[in-house]
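*Asks:*
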Amino acid sequence: MKTTLLLLSDTELQTRLQHQDQLAFGILFDRYWKRLYTYAFKIYKEEAICEDIVQEIFISLWEKSANTSIENLEGYLLRAVKYKVANHIRDLKFDSGHLEILQNIPNPSGTDKHLVYQEFESEIFKQIKKLPPRSQEVIILSRLEHYTNIEIAQKLNISVRTVEKHISDGLKLLKMKIDPCQFSIFITVMLLQC
Numbered sequence: 015m016k017t018t019l020l021l022l023s024d025t026e027l028q029t030r031l032q033h034q035d036q037l038a039f040g041i042l043f044d045r046y047w048k049r050l051y052t053y054a055f056k057i058y059k060e061e062a063i064c065e066d067i068v069q070e071i072f073i074s075l076w077e078k079s080a081n082t083s084i085e086n087l088e089g090y091l092l093r094a095v096k097y098k099v100a101n102h103i104r105d106l107k108f109d110s111g112h113l114e115i116l117q118n119i120p121n122p123s124g125t126d127k128h129l130v131y132q133e134f135e136s137e138i139f140k141q142i143k144k145l146p147p148r149s150q151e152v153i154i155l156s157r158l159e160h161y162t163n164i165e166i167a168q169k170l171n172i173s174v175r176t177v178e179k180h181i182s183d184g185l186k187l188l189k190m191k192i193d194p195c196q197f198s199i200f201i202t203v204m205l206l207q208c
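First residue of the sequence shown: 15, per our numbering; consecutive thereafter.
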């Protein structure tokens, strides 16, 4: 039975999870635990905290499974990790020594950096909008919404190979239109968000 379930897609496992199927939950847990933990640990380098965060996300997934339909489970789980880590950092209690250190850190000109990033992001989106419509759609789903190639193929009713071709062609066109340094930043940012 478990071997058969291993072959099911996330969507099929979620359907079973809505009926409180513990085996389906176990497979999703095994499928994503390590990736979520690794992602949490990249952001916040404390093993125990990262383990707790990932556990909380899976508990929440189980508790909400009967009433929730998630289109892109992997993306949803990764965003949940990101927000849980951010909330944990926000909720940390600092003593007076920590506060003094934080107050003495010089503030870089955040406004300038924010404006530069906004201009960069605007240029990237402008160039993406110049791609052929299907390539635009695939690049956005892949790089910005973090769908897997298989999920994109299913969503758009095209083959995985076609998805790969659109991504490859789209990135080549973007690379020709965007400053090489900015393109490298774009690719790096997209990889870090996964």
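Glycine included, C-beta positions come from ideal geometry on N, C-alpha and C.
(1) So, for D183: in the same chain, excluding its five sequence neighbours on each side, which residues have a beta-carbon less than 8 angstroms away from its beta-carbon?
(2) Less than 8 angstroms separating the beta-carbons of Y58 and V99?
(3) What is the residue span of the alpha helix (DSSP H) that P146 lies within?
(4) In three-state terms, what does DSSP make of H102?
(5) Rounded to the nearest angstrom, how far is the Cβ of M102 from that of I63, given a contact under 8 angstroms?
(6) Give me the Cβ distance between I166 and V177, rounded to the nearest whole Å; I'm assuming they're in contact under 8 angstroms.
(7) Considering only C-alpha positions, which residue in the set L170, K143, I164 is nearest to L187?
(8) Looking at C-alpha atoms only, which residue of S173, L22, K140, K169 is the closest neighbour of L42?
*Replies:* Here's the rundown:
(1) S149
(2) yes
(3) First-last for P146: undefined, no H or E at that position.
(4) helix
(5) According to the sequence provided, residue 102 is His. The question's Met does not apply to it. Correct: roughly 6 angstroms between the Cβ atoms.
(6) 5 angstroms
(7) K143
(8) L22
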